[in-house]
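Written below as structure tokens is the structure these notes are about.
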Amino acid sequence: MEVIFLKFGDMVIAIASLTIILILFFPLGLVLTAALGNAGFELGAFVSAFLSTIIVGYIYAQKIWEENRTKTIAQIAVLFTVLIMFMGTMESAATADWTPKIKEEYMKANPVATPSASDWYYIEKFFLTLQNFLVVVLVLALSFIGLYIGTMLKKTTKT
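Plus 700 on top of the position in the sequence shown (first one is 1) and you've got our numbering.
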């Protein structure tokens with residue numbers, strides 16, 4: 701009986717495939733943004749991440765089934781989550797349009813507040829940390845569930 705092991709290199713290829721498929725679903729986010737506004741972009745990202753993990757789970761089902769399935773899915777999900785978290789942090793660092801948005805939302809919620817420059821720094825840090833935390837929780841859960849569903853869709857053959 702030959703056992704096919706999903707090595708670290710195979711997991712990196714799976715993550716790269718997952719990222720490319722996710723990027724191919726990007727127009728879905730654009731269409732939903734045009735139709736629903738910011739909520740459409742978030743919905744598009746949610747659906748894209750879920751569908752891309754199902755597809756990768758389906759593609760790599762044979763190797764995942766022959767390895768310890770739950771452990772392998774968890775490893776791929778964690779690596780993908782780290783990649784997405786890094787991409788989100790780089791996006792926040794590269795774009796400066798989130799600062800006025802944070803200030804506007806904070807002042808809308810607290811109209812009489814007059815935060816100092818130091819307060820703004822911590823308010824913005826809190827917002828970005830909260831955003832990263834939510835991304836990590838959602839991507840980790842979606843990728844684990846999507847990969848699991850993808851492996852269940854393909855009938856594997858025992859070797």
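Even for Gly, the Cβ is constructed at its ideal location relative to N, Cα and C. All figures in this text were calculated on a predicted structure; none of them were measured in a lab.
Beta-carbon proximity of residue i to residue j, cut-off 8 Å
i: residue 711; j: residue 779; result: yes
i: residue 781; j: residue 840; result: yes
i: residue 850; j: residue 761; result: yes
i: residue 754; j: residue 846; result: yes
i: residue 741; j: residue 732; result: yes
i: residue 792; j: residue 828; result: yes
Rounded distance between the beta-carbons of residue j and residue i, thought under 8 Å
i: residue 815; j: residue 823; result: 6 Å
i: residue 747; j: residue 728; result: 6 Å
i: residue 737; j: residue 848; result: Incorrect: roughly 32 Å between the Cβ atoms, too far for contact.
Residue range of the alpha helix (DSSP H) that includes residue i
i: residue 729; result: 726-736
i: residue 822; result: 817-853
i: residue 760; result: Taken as a continuous stretch (DSSP letters only), residue 760 belongs to no alpha helix (DSSP H), as it is neither H nor E.
i: residue 793; result: 769-794
i: residue 800; result: 798-809
Exposure of residue i, with buried meaning 16 or more beta-carbon neighbours within 10 Å
i: residue 842; result: buried
i: residue 723; result: exposed
i: residue 715; result: buried
i: residue 709; result: exposed
i: residue 772; result: buried
i: residue 833; result: exposed
i: residue 817; result: exposed
i: residue 734; result: exposed
i: residue 844; result: buried
i: residue 813; result: exposed
Residue i CB to nearest heavy atom of the ligand GDP below 7 Å
i: residue 789; result: Among the components modelled here there is no ligand, and therefore nothing to report on the ligand GDP.
Self-check item: Meets three-Cβ-pair contact criterion under 8 Å: the region 754-774 and the region 787-800
Solution: no
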